[in-house]
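Participant: Would you mind keeping the following structure in view while I ask a few things?
Number of protein chains: 2
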Amino acid sequence: MATQAKQAKADTKNNHENTEEQADKEQQEAIEQIDEVQNEIDRLNESASEEILKVEQKYNKLRQPYFQKRSELISKIPNFWVTAFVNHPQVSALLNEEDEEALQYLTKVEVQEFDDIKSGYKINFHFGDNPYFENKSISKEFHLNETGEPSSKSTAIDWKAGKDLTKKTSQTKPGKKRGLEEQDSFFGWFLDHGDAGADELGEVIKDDIWPNPLQYYLVCCSLHLRLMRKELVMMMTWMRKVWMMRKVMTMT
Amino acid sequence: MATQAKQAKADTKNNHENTEEQADKEQQEAIEQIDEVQNEIDRLNESASEEILKVEQKYNKLRQPYFQKRSELISKIPNFWVTAFVNHPQVSALLNEEDEEALQYLTKVEVQEFDDIKSGYKINFHFGDNPYFENKSISKEFHLNETGEPSSKSTAIDWKAGKDLTKKTSQTKPGKKRGLEEQDSFFGWFLDHGDAGADELGEVIKDDIWPNPLQYYLVCCSLHLRLMRKELVMMMTWMRKVWMMRKVMTMT
Numbered sequence: 001m002a003t004q005a006k007q008a009k010a011d012t013k014n015n016h017e018n019t020e021e022q023a024d025k026e027q028q029e030a031i032e033q034i035d036e037v038q039n040e041i042d043r044l045n046e047s048a049s050e051e052i053l054k055v056e057q058k059y060n061k062l063r064q065p066y067f068q069k070r071s072e073l074i075s076k077i078p079n080f081w082v083t084a085f086v087n088h089p090q091v092s093a094l095l096n097e098e099d100e101e102a103l104q105y106l107t108k109v110e111v112q113e114f115d116d117i118k119s120g121y122k123i124n125f126h127f128g129d130n131p132y133f134e135n136k137s138i139s140k141e142f143h144l145n146e147t148g149e150p151s152s153k154s155t156a157i158d159w160k161a162g163k164d165l166t167k168k169t170s171q172t173k174p175g176k177k178r179g180l181e182e183q184d185s186f187f188g189w190f191l192d193h194g195d196a197g198a199d200e201l202g203e204v205i206k207d208d209i210w211p212n213p214l215q216y217y218l219v220c221c222s223l224h225l226r227l228m229r230k231e232l233v234m235m236m237t238w239m240r241k242v243w244m245m246r247k248v249m250t251m252t
Numbered sequence: 001m002a003t004q005a006k007q008a009k010a011d012t013k014n015n016h017e018n019t020e021e022q023a024d025k026e027q028q029e030a031i032e033q034i035d036e037v038q039n040e041i042d043r044l045n046e047s048a049s050e051e052i053l054k055v056e057q058k059y060n061k062l063r064q065p066y067f068q069k070r071s072e073l074i075s076k077i078p079n080f081w082v083t084a085f086v087n088h089p090q091v092s093a094l095l096n097e098e099d100e101e102a103l104q105y106l107t108k109v110e111v112q113e114f115d116d117i118k119s120g121y122k123i124n125f126h127f128g129d130n131p132y133f134e135n136k137s138i139s140k141e142f143h144l145n146e147t148g149e150p151s152s153k154s155t156a157i158d159w160k161a162g163k164d165l166t167k168k169t170s171q172t173k174p175g176k177k178r179g180l181e182e183q184d185s186f187f188g189w190f191l192d193h194g195d196a197g198a199d200e201l202g203e204v205i206k207d208d209i210w211p212n213p214l215q216y217y218l219v220c221c222s223l224h225l226r227l228m229r230k231e232l233v234m235m236m237t238w239m240r241k242v243w244m245m246r247k248v249m250t251m252t
């Protein structure tokens, strides 16, 4: 009897262990199956990204002739870009008086998204002859390499003698040598490659000004124009809201 | 002679005024034309958004059967969801001990994006019989109305007596009446409609956990499994990186 009882107890124990083992095994199998299903979901995500990229590329191409036409029209309006920049709250904060003078020679801005869009963008600034630098165009471009690491590079600015706006001549005390100090300037942005993955000015120009620069040009241009064209401003504001809303929505 | 000179001067002045007027007129025309071009660009943006929405909708449909299959498999693993939540750094920070106990009865989570996607989403939490509340499911949903204003609403939780985890019984001093105080609890989230446009927990569940809950379940489940299935974890981590990268890229 005692032996039988022991045997029964041992069986129960074995059964219990078997059941536990069985449950463990079933869970592991379920995990493996979830993993397989997850792979399918990831494949679908990948395809969705590719299709969306194609749509973006298609529309980037379709927008090009309009951007070109817009650039031509903008070139007829003196000081268009410097006005748009001065009227933009974030960009305006980066401009000192001399920047504004130099930017009066800015005739054309272009934003180019690279063909696969994900990999980066480039902003070109075209200038007329000016007393500050020799360059006809200055650009800054942003790249993501294959591992997703961001970097940026810019055109070197060929400043005319004593005109480098990123360096200011410090007030000299008598007997001390004059020195050059770093100065906060819009043009300092071309030297700054510290946060290429989230370059604030780059993104403001690309995502906020470039989609609709007219609204910033119009914000507070001459009172006359403002009153005469109130409807236009209202429409611009509305369009901007729609644009922002679209941005917010596509981000979610 | 004097009269002739005056006349010439007046002519010059008139010419000057005429030229200025002419320039003003040309600029206004250019602005109007920019506005027209901008309308075309906006129309293209609108079409691009619509096409992208269609792609998203198509893939949302294609993902459904996999999400369903995944839910079935997850239901075979006890404590899957509470483990995933506990292992998620941001969600974990919102859980107190009693929340974790209650969430052991959480059998199924579902995220539904509304058909036009932009307009919002709903998260359903399904529970088994439990000592805390009567509900079989609790949900919170987020909406954007036509003007883009966000709002949220939740299922009212039917707490069992004395079990409301959003209220705690305060320590009573002798002679004082016992009172109920607000308590920080995961379940308090269902009462919080203060920031429906950027609900942190809602977005973490929708955008971070729901796309791949297995990775969070696996992060630190039993050491045994961790060692045995190191490759899987590595693969999950890699998949997560790809997913995050994709997110970052689609945001730019």
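So the sequence lines, in the order shown, correspond to chains Z and S. When the first sequence is numbered by our numbering, its final residue is 252 and no position is left out of the sequence of numbers. When the second sequence is numbered by our numbering, its final residue is 252 and no position is left out of the sequence of numbers. Just so it is clear, CB atoms sit at the ideal spot from N, CA and C, and this is done for glycine as well. Computed from a predicted model, the values in this text were never measured in an experiment.
(1) Run down chain Z in chain order and give the residues with a C-beta less than 7 Å from the C-beta of Glu-51/S.
(2) Can you tell which of Val-109/S, Lys-118/S, Met-245/S and His-143/S has the C-alpha that lies nearest to the C-alpha of Phe-67/S?
(3) Less than 8 Å between the C-beta atoms of Phe-125/Z and Ser-139/Z, yes or no?
(4) Please list the residues of the region 62-76 of chain S that have a C-beta atom closer than 8 Å to any C-beta atom in chain Z, keeping them in chain order.
(5) Is it true that the CB of Pro-131/Z sits closer than 8 Å to the CB of Lys-160/Z?
(6) List the residues that DSSP assigns as beta-bridge partners of Leu-144/S.
(7) Please identify the residue among Gly-148/Z, Gly-162/Z and Ser-119/Z whose C-alpha is closest to the C-alpha of Glu-141/Z.
(8) Which residue wins for smallest C-alpha separation from Gly-197/Z, given the options Pro-211/Z, Gly-148/Z, Tyr-216/Z and Ile-52/Z?
(9) If you count every other CB in all the chains shown that lies within 10 Å of the CB of Pro-65/S, and 16 or more means buried, which is it?
(10) At a CB-CB cut-off below 8 Å, which residues of chain S make contact with Glu-40/Z?
(11) So the alpha helix (DSSP H) Phe-85/S belongs to, where does it begin and stop?
(12) Work out the CA separation of Trp-81/Z and Glu-72/Z for me, nearest whole Å.
(13) Can you tell me whether Lys-108/Z is helix, strand or coil according to DSSP?
(14) In three-state terms, what does DSSP make of Tyr-216/Z?
(15) Beta-carbon separation of Phe-133/Z and Lys-163/Z under 8 Å?
(16) Among Val-219/S, Arg-63/S and Leu-44/S, whose alpha-carbon lies nearest the alpha-carbon of Arg-246/Z?
(17) Count the C-beta pairs between the region 87-100 of chain S and the region 198-206 of chain S that are closer than 8 Å, then say yes if the count reaches three, no if not.
(18) Starting from the beta carbon of Leu-44/S, find every residue of chain Z whose beta carbon is closer than 8 Å, and list them in chain order.
(19) Which residues in the same chain as Leu-225/Z place their Cβ atom closer than 8 Å to its Cβ, once the five residues preceding and following it in sequence are excluded?
(20) Do three or more CB pairs link the region 49-60 of chain Z to the region 12-31 of chain S at distances below 8 Å?
(21) Here's the rule: buried if 16 or more other CB atoms are within 10 angstroms of the residue's CB, otherwise exposed. What is Asn-212/S?
(22) Measuring only between beta-carbons, confirm whether Ala-156/Z sits less than 8 Å from chain S.
(23) Listing by chain order, which chain Z residues have their CB less than 7 Å from the CB of Glu-26/S?
(24) Give me the DSSP bridge partner(s) of Ser-139/Z.
(25) Should Ala-48/S be flagged as near chain Z, meaning a C-beta pair shorter than 8 Å?
(26) Identify, in the order they occur along the chain, each residue of the same chain with its Cβ nearer than 7 Å to the Cβ of Glu-98/S, setting aside the five sequence neighbours on each side.
(27) With Ile-123/Z and Ile-52/S assumed to form a contact (beta carbons below 8 Å), what rounded beta-carbon distance in angstroms separates them?
(28) Would you mind telling me which residues of chain S sit closer than 8 Å to Ala-30/Z, beta carbon to beta carbon, in chain order?
(29) By DSSP, does Glu-26/Z sit in helix, in strand, or in coil?
(30) Using a 10 Å radius around the Cβ and a threshold of 16 neighbouring Cβ atoms, would you call Ala-48/Z buried or exposed?
(31) Quick one: residues in its chain with C-beta nearer than 8 Å to the C-beta of Arg-229/Z, no 5 flanking neighbours on either side, listed in chain order?
(32) Please check if any C-beta of chain Z sits within less than 8 Å of the C-beta of Gly-148/S.
(33) So, helix, strand or coil for Asn-18/S, using DSSP?
(34) Output, in chain order, the set of chain S residues within a Cβ distance shorter than 7 Å of Arg-240/Z.
(35) Evaluate Asp-208/Z with the Cβ neighbour count: other Cβ atoms within 10 Å of its Cβ, from every protein chain shown; 16 or more gives buried, anything less gives exposed.
Facilitator: Well, looking at it:
(1) Val-55
(2) Val-109/S
(3) yes
(4) Leu-62, Arg-63, Tyr-66, Phe-67, Lys-69, Arg-70, Leu-73, Ile-74 and Lys-76
(5) yes
(6) Pro-150/S
(7) Ser-119/Z
(8) Gly-148/Z
(9) exposed
(10) Tyr-66
(11) 80-87
(12) Straight through space, the alpha carbons of Trp-81/Z and Glu-72/Z are spaced by roughly 13 Å.
(13) Lys-108/Z: strand per DSSP, three-state reduction.
(14) helix
(15) yes
(16) It is Leu-44/S.
(17) yes
(18) Under the 8 Å cutoff, chain Z gives Tyr-59, Leu-62, Arg-63 and Tyr-66.
(19) For Leu-225/Z, the pLDDT reaches just 44, beneath the cut-off of 50, and the residue's location in the model is therefore unreliable, although a value from the coordinates is still provided. Cβ within range, chain order: Leu-218.
(20) no
(21) Burial call: buried.
(22) no
(23) Lys-76
(24) Asn-124/Z
(25) yes
(26) Leu-165
(27) Not a contact, Cβ separation roughly 24 Å.
(28) Going along chain S in sequence order, the residues near Ala-30/Z (Cβ under 8 Å) are Leu-73, Ile-74, Lys-76 and Ile-77.
(29) Glu-26/Z: helix per DSSP, three-state reduction.
(30) buried
(31) Low local confidence applies: a pLDDT of 48 at Arg-229/Z is under 50, so the model's placement there is unreliable, and no value is given.
(32) At least one chain Z Cβ lies under 8 Å of Gly-148/S.
(33) helix
(34) Those do not exist, as Arg-240/Z stays about 10 Å from chain S at its closest Cβ, beyond 7 Å.
(35) buried
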